[in-house]
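Everything on this sheet refers to the single structure shown next.
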C-alpha cells in the first residue's frame, strides 16, 4: 500500500514536532509537507527549528530535508498532501479558523489540535473511543460550507483526556453521571516551548492555567452531546467543576476526580470491571494508534504517576487508580494521560485513522 | 521578665529542629532542655544531629551545647523545664501516648505535634484562631487523669491548616458549610528527612500520602466540634472529601477547595470581606507568633503559590486566592499555608502562647 | 541622618526589583526614583510590574506608589536622586553604555549591574572585599570624561563571585595562583524572568549559558589587575578555564574549583586559616551590607549547597567547603554565593556603600 | 537458537530490575533465575518487589512469575542458569566478594555491577569498547582460583563512563592524555531507591557523593592498564581529578571535562573525526547491545543534555558536545551517558555479550 501524504501546519512548534515524531513509520500516513509562518517558509525544516528538536529522539532525517511551505499558500499544500494536521500555536484564533477553513475548502480534511474551531457548531470534537459517531456529521458540515472533500475535525483540550474516557465508560453502561469535581496537576509541556518559566515551577506549583478550567468544564459536554440537524447539542445534566494546576512534570496530566452518579449507582467492582473491559471503535477497528486497552486500572495504592504511567501503551492509554468510595459524592479516583501524545498529536492521529477507516478521507 | 524554660521531645528530628529554630529569640519561652532516643542521649545536641541541621539557617549555638536527655527520663525534664513541645516522629503511637501522659503526670504541660493523642476524647486539638476555647477543657482533662499542673494539647495535621481557617471564618459569620471537596498539593518536608525519595518527585507527582486523607477529612470535625461533659463531640453536618498529592515543593501545602454552603449563602464580596477582617484570640491577645492578619487574600489570578506565599507573616498566615463561583458547589478557591511552620512547630508554639496567656501554664 | 535619595534604572526587571527589595530599610539610602522603558513610564511602579513582584516578600508599599520615569529622561532623575543603580536587562549594550554615560554626565554616580561598561578601561569593576582601591580611579575617570560629580562603577558577572573571593584571599597572603579550572552549577534566577524555560531544567541540566564562560574567565583578570595611567591593566600570570551549567535551583551559584599555585604553596591548614580570618574594607568600615565574615568555611562533607547556604549572612557571604588536595593541581574545593544578592543587587549596594564611605558620592 | 539461561543476583534492587528490563527479548540471553536476600526468597518475584517496579514500563510477566531464590543457595542457581549478573546493592563488600567467588567456583561466570571485586588484581573491569582484550585474563583468573568454567568480570562505576570512551578514542589514535579534570553532574538513579532524599535535590544540588570521586579517579587507570603475569597493572602517566555532584535529574550523568595532552596534540577537527569514526569490538562483532556509533558528537551549542541525550542508541551511546580549546589545558568538552543503562546493567550485558562471542561462556 502506498502511504497517504499528509501535511503538518504549524510544523515548527512543539505540537507540530510531536506530529512529525509520531507519524514517522506510520503504516498508513507519511508526512509529505510541512508548513509554518512566512519567517520559516523556504527554509529546510531542520533549519527552521529555531529552538531545535524539542520532542525527544532525533528529527526524522527525511522530514528534516523538506522545504517549509508558507501556511497561507494553500494551493501548495493541496499539491502535496491528501489531508493536514493543524498544529497552530499562535494566539489569533480568527486567523486559525480562517486557515483551517481554507484548507478544508481546498479539499483537504483538517485534523486540528487548535482550539479555534472547537466551539463551531458543526465541527466534531473527537476522542476516538468516546464519540466516533460524531464524525458522521462530516457530510452535513461539507454541505453547510460548500466543501467537497475537505472537512474539519478537532480534538479537545489535553486537560480533560485524563478523566473523560473513564467517566464515559461508566455512562455508556447506563450509569448517569451528574457531577464531577476535578483538580488537575498538569505537565509543563502543555504550554509548549519556551512555555512555562522555570522560576514558576522550581520549588513551586501554580494554581492557575489561563483558559484551562473553562475548557475542562465545557468541552466534555460537546463530546458527550449529540448532533441534531447538523449541529452539536451539548450533553445536559452533567455539571463539571475544575481546578487546573501547573506542576513541575515534563509530560503527563494527572486528574483527581470526584464523581456523583444519578439514581443508579455502580459498585466499586462494577466500575473496575467496566473500565477493564471497555473497548471502542479504535480497538475494534484495530487502528494503528489505538491502545489495546484504553483504560488501564492500577492496583498499587500510589498510582497513576506521571513519570511511571504516561507512556502506557504507546502513551495512548489512560491510567486510572485509587478508586474509592467518596464521603461527599459517590466515588473518587485519580487518572492520567500523556498530554502531548494522547492529549494532542496522538489523539489527532487516532481521529484521522478513524476518519480514514470510516471512508471520509479520499485519496 | 525571665523566660519560661521549655523542653523539646524528639528534638533531633525535623519537627524538633523546627521548634528549636522558631523558639530562638522567643520573647517568653526559651529552650532549656532537649530530649531524644537513648542513642542520642548523653551527647551534645549538635553532635546528636546525625543528618545535620535540616531546617534552614544555623543551629542556635546555645542549644547546640545542650546535652540531650533520654525521653524516658521524665524526672530529668521536670527539673529543667516548665512545659514541653512533643515532636516525636517515631511510628509507635502507643509509646508516644505513654510518654506524653508521663510528662503531663509529672506536672509538665505537653503541646504535641504527634498524631497519637489527636483522637483522645478529652485532648483539645487546637488551631489557635479557630477553637481557642477548646483549651477550657484542660481542668476537666486534669481531673479525669489525676494530673495537677500537666495537661496535653495537640495540633492537627498539616494538610488541613491551609483551608480550615478560611472555611471557619465563614462558618463563624453564620454561613453553614455542608460539603467540602479538597485536593491538596503537599510539600515534601511534610514527610520529614529523608522522607520522600527523590525518584518519586523529580519529573513526577504522587497521588497518595499514607493516612493523610483520613486525617484531612476527620480532624476538622473535632476542631469544629464542642466539648460536652469533658469530651469533644465532633461537628455534624459537614462532609469532607480529600485527595492528597505529593509534589516537588520543599515547603508549603496548597489546597484546591470546593465548598457547598447550607441555605444561607454568602456573596463573593461577603466572603472576601469576612476573610480580610477575620481576627481571633491570637490577634486580640497579640501573641508573639500570631499573624497580624490570619487570612491574606491575594488578587493576582495565579496565587497563592508555595514558594511565593508560604512565608507570609512569619510563615503563620494562610494565603488564599482564586475565589470564584462554582458550577457544582457554591464557591471554589485555592489556599496555602507553610506546613512545617503554621502547620507544625509554629502552630504548636502559638497554641502554647495561647495557653500561657490564658493562665493554664504555671511557672 | 537624612537618607540619600537613590534611583533604580530598569526598575521593573528582576534585578531592579531585587535592588528595591534590598534597599527597603537601608540605613543610608532610600529609593526615591524608579525608571524603566517608555512603555512603563508614567504608570505607578506597582502597576508597571507586568510579571508581578518576582523577588520574594511583598513589594515595599512606598515604592509601589512611585511613578515610573522614562530612563531616557535623565533630567527628571537628576532632580530626584543623588545617584542611581543601573539594572538594565535589555540586550543593547551600546544603548546601556549611552544611558549610563548620560547619567554620569548629569552628576549622578552610576552603580551598574549591566555588563555594558565592564570592558571600559577606566571603569572599575568592584568586588568590595577584593579591589576597593579600584574606586580610586574615579577622579581620573571623571577627568577623562569631563564629568564633575558623576562616575560609573560596575560589578562583575554573578558566575565568578562564588569562587573569586576565596582565591583572592589566598593571593593576598602571598600565594600566587597560576591556574584555575572551574565548573559552575548556576541557578535559574541568573537569567531573569521568564528566563530559563522550565522544559530545559525539569529532569535536566544544560551545559551551556550564553556568554557566561567568557565572563567567568576574563572578568577576574580585571578585578585582580591594577590601574596604571587612568586605565586598568589586567592581572597576568593567571589562566582560568570555565564550564558553566544551568541547574534547576532558584538561587545560588555553586562552583567546583581546581587551583594550581605558583612555587609557594599553602598547606590545607593555612588555607583554612586564611579564609576564616579574611577581612577587608567592607568589614573594617562596617558597611551595612558587609557580611561579618566574607568567607564561611563549612566542615560538613557535603556542603556548600545552594538551598542551605545561599542565605548565609544576609546572602552576602561566600560559603566554601570540601577543600582537599588535588591529584592534578594543588587543591580543589566547592564554593557558593547567592547570585541575585551577593552576585547582583547586594554586591552593587555594597559597592555604593563603599564609594559613599570613601567620599565619592556627594550629597 | 535456544537462549542461554541467565540469573540475576540482587534481582529486587533497582539495578537488578534494570537487568531484567533490558534482558527482556534479548536475542541470546533469557532470565531464567532470580535471587535475592532470604527475606525475598521463596516469593514470586512480582511479590518480592517491596518498592514495586522502579525502572519504567511494566515488569515482564514471565519473570514476575519466577520464584526468588536465596542468593546463598549457589547450587540452586547452578541448576537453572549458565551465568549470572550480579546486581548486589548491599554495603557489605566482603560478603559480595564471597558470593561472587562462590558462583564462579560453581562454574557460573559472573558479570558484576558491584564494586566489590573492582580492585581484585585478576578481575577485568570492562568497558566493552575500551578494553575488550582484558577478558583474555579469564583463563589465568580461573587457574589462580582453581575455577573451571566460572570467572568474574566487573564493570566500572557509572560516573566515569560518560567521559572515558571519548578520552580513550583519542589515546587509541596515539594522543597521549596526561591530565584530566572532571566535574560530574550525576543523576539520582545512581543511588538506587529510595536513595537520594528529595529534600536534598528539590531547589538544590549536592556537591558530594560518597566514594564517587575516588572511583572516578582510580578506576580508569585499571581499565586503561594492561595485564602482566596474570594481574592488571594500572596505566601510568595519567592524572585524574574529579568533583562529583548530585543534581535533580532522574537518569543521565553529565561530565564537564578538561583534558591536557602530552607533546602530540590533536586539532579540534582531528578530535571530531576520531570520535565520529571510533568503532571497537562491540561494533565489529555486531553485539546486540552495541551502539552503532559509540560516541555521538552533537553540534548544538547546548548539548548534551541528560533528558534529551541519555537515550541515544538504546541508551548505550555516549553523547559529547561543546568541544572547544581550553585556556588552561588543551581542550574541554561535555559528555553524557545513561547511568543505569550504559553505566550499569546495559554495560554489564554488553560485557557478557562480548565474553560470549569470544567463547568464554560455555553452555
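Chains as they are written, first to last, in my numbering: chain B, 1 to 363; chain C, 1001 to 1363; chain W, 2001 to 2363; chain F, 3001 to 3363. Built from N, CA and C at the ideal position, the CB exists for glycine as well.
Item, Value
"Could you check how far apart the C-beta atoms of residue 3361(F) and residue 3109(F) are, in whole angstroms? I think they sit under 8 Å.", "6 Å"
"List the residues of chain B that residue 1330(C) touches, going by C-beta distances under 9 Å, in chain order.", "Neighbours of residue 1330(C) on chain B: none; closest Cβ ~10 Å, over 9 Å."
"Taking C-beta pairs closer than 7 Å, name the residues in chain F that residue 202(B) reaches, listed in chain order.", "3203"
"Return the chain-ordered ranges of every beta strand (DSSP E) run that is complete within the segment 1234-1313 of chain C and spans a minimum of 3 residues.", "1239-1246, 1253-1261, 1295-1298"
"Residue 2094(W) by DSSP, collapsed to three states: which one?", "helix"
"Could you tell me which residues DSSP pairs with residue 3154(F) in its beta bridges?", "3112(F), 3125(F)"
"Whole beta strand (DSSP E) runs in the segment 3194-3231 of chain F with 3 or more residues, listed along the chain?", "3226-3228"
"Looking at C-beta atoms only, is the number of pairs between the segment 3215-3223 of chain F and the segment 3269-3283 of chain F that lie closer than 8 Å three or more?", "no"
"Taking any Cβ of chain W, which residues in the segment 181-193 of chain B have a Cβ under 7 Å from it, in chain order?", "188, 189, 193"
"In chain order, what residues of the same chain have a beta carbon less than 8 Å from the beta carbon of residue 314(B), not counting five sequence neighbours either side?", "289, 291, 341, 346"
"Would you please state the rounded distance, in angstroms, between the beta carbons of residue 2114(W) and residue 2096(W)? I believe it to be under 8 Å.", "5 Å"
"Can you check DSSP and say which residues form a bridge with residue 318(B)?", "295(B)"
"Are there 16 or more other CB atoms within 10 angstroms of the CB of residue 2322(W), so buried, or fewer, so exposed?", "buried"
"Based on the DSSP output, what are the partners of residue 29(B) in its beta bridges?", "4(B)"
"Tell me the DSSP secondary structure of residue 946(C) in three-state form.", "Past the edges of chain C, shown from 1001 to 1363, lies residue 946(C), and the structure says nothing about it."
"Note down the Cα distance separating residue 1301(C) from residue 208(B), rounded to an integer number of angstroms.", "7 Å"
"Going along chain B, which residues have a C-beta under 8 Å from residue 1326(C)?", "241"
"Is residue 11(B) helix, strand or coil when you go by DSSP?", "coil"
"For residue 3100(F), tell me which candidate among 3116(F), 3193(F), 3261(F) has the shortest Cα-Cα distance.", "3116(F)"
"In chain W, which residues lie less than 9 Å from residue 1024(C) when you measure between Cβ atoms?", "Going along chain W, no residue has its Cβ under 9 Å from residue 1024(C), so there is no contact; the nearest lies around 16 Å."
"Just the chain F side, please: which residues come within less than 7 Å of residue 445(B) by C-beta, in chain order?", "Residue numbering for chain B in the displayed model covers 1 to 363; residue 445(B) lies beyond these limits and cannot be assessed."
"Interface residues of chain W around residue 1013(C) at Cβ under 8 Å?", "None at all; the shortest Cβ gap to chain W is about 18 Å."
"Rounding to the nearest angstrom, what Cα-Cα distance links residue 3214(F) and residue 3163(F) in this structure?", "15 Å"
"Please list, in chain order, all residues of the same chain as residue 3356(F) whose beta carbon is under 7 Å from its beta carbon, the five residues on each side excluded.", "3028"
"For residue 3169(F), I'd like the list of residues in its chain whose CB is within less than 7 Å of its CB, leaving aside the five on either flank, ordered along the chain.", "3274, 3275, 3278, 3295"
"For residue 3250(F), return the contacting residues in chain C, with the cut-off set at a CB-CB distance below 9 Å.", "1198, 1199, 1202, 1203, 1204"
"Would you say residue 2254(W) lies against chain F (beta-carbon separation less than 8 Å)?", "yes"
"How about residue 87(B) and residue 15(B): are their beta carbons less than 8 Å apart?", "yes"
"Could you check the C-alpha separation between residue 3193(F) and residue 2200(W) for me, to the nearest Å?", "25 Å"
"Would you call the segment 3238-3252 of chain F and the segment 3180-3188 of chain F touching, i.e. three or more CB-CB distances under 8 Å?", "yes"
"Mind checking who residue 3179(F) pairs with in its DSSP beta bridge?", "3239(F), 3260(F)"
"Under the three-state reduction of DSSP, which class applies to residue 3165(F): helix, strand or coil?", "helix"
"In three-state terms, what does DSSP make of residue 3332(F)?", "strand"
"Pull up the distance between the alpha-carbon of residue 3158(F) and that of residue 1234(C), whole angstroms please.", "56 Å"
"Among residues of its own chain, excluding the 5 on either side of residue 1003(C), which ones have a beta-carbon nearer than 7 Å to its beta-carbon?", "1028, 1029, 1030"
"Identify the residues that DSSP records as bridge partners of residue 1085(C): which are they?", "1008(C), 1111(C)"
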